[in-house]
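Everything below concerns the one structure shown next.
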Amino acid sequence: GYCGKVEQLRGDFQLCSGCHKESYCSRECQKADWGFHRHLCKKKNTTNIDSDTLKAIIVALVGQYSEAAQCRSGIAVTDAQKQNGKVSLVKKVKKMLVGQFAQYNSGLSMHDA
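Heads up: take any position in the sequence shown, counting from 1, add 127, and you land on the numbering used here.
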């Protein structure tokens with residue numbers, strides 16, 4: 128789930144009612160993630176990169192940046208700051224992929240580009 132909890136038994140968590148892919152341990156967890164997930168849910172992902180891959184890229188980049196920022200400043204990056212970073216980055220990446228790189232987003236797979 129969004130919060131890092133692990134589903135013990137299949138079906139313990141509820142799936143997003145839009146895409147039926149993202150699982151959440153609670154309504155509060157789903158609400159907290161909606162700002163980010165809504166950009167990847169159902170047809171909102173207008174790139175040629177599947178939502179799971181795009182999410183993994185964004186989460187990894189924000190995680191690495193957060194660690195580096197914390198090492199430089201000595202100040203912990205909050206979960207809210209990480210969430211805001213994910214939302215901002217996913218918007219920018221989607222805009223870039225359907226704008227500047229739209230020619231590569233016309234049905235070609237990542238291996239063809």
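Virtual Cβ for every residue (Gly too), placed ideally from N, Cα, C.
Just to confirm before moving on: does the CB-CB distance between V225 and L167 stay below 9 angstroms? no
Indicate the three-state DSSP secondary structure (helix, strand or coil) for Y151 in the structure shown. Looking at Y151 - three-state DSSP - the assignment turns out to be strand.
Distance between V189 and K221 (C-alpha atoms, nearest Å): The straight-line gap from Cα to Cα measures roughly 15 angstroms.
Here's a check: name, in chain order, each residue in its chain whose Cβ is nearer than 8 angstroms to the Cβ of C143, leaving out the five neighbours to either side. E149, S150, Y151, Q157, H164 and C168
Can you list, in chain order, the stretches of the alpha helix (DSSP H) that have 4 or more residues and sit fully within the stretch 155–212? 178–200
For L256, name the three-state secondary structure that DSSP assigns. Any property of residue 256 remains undetermined from this structure, which presents the chain solely from 128 to 240.
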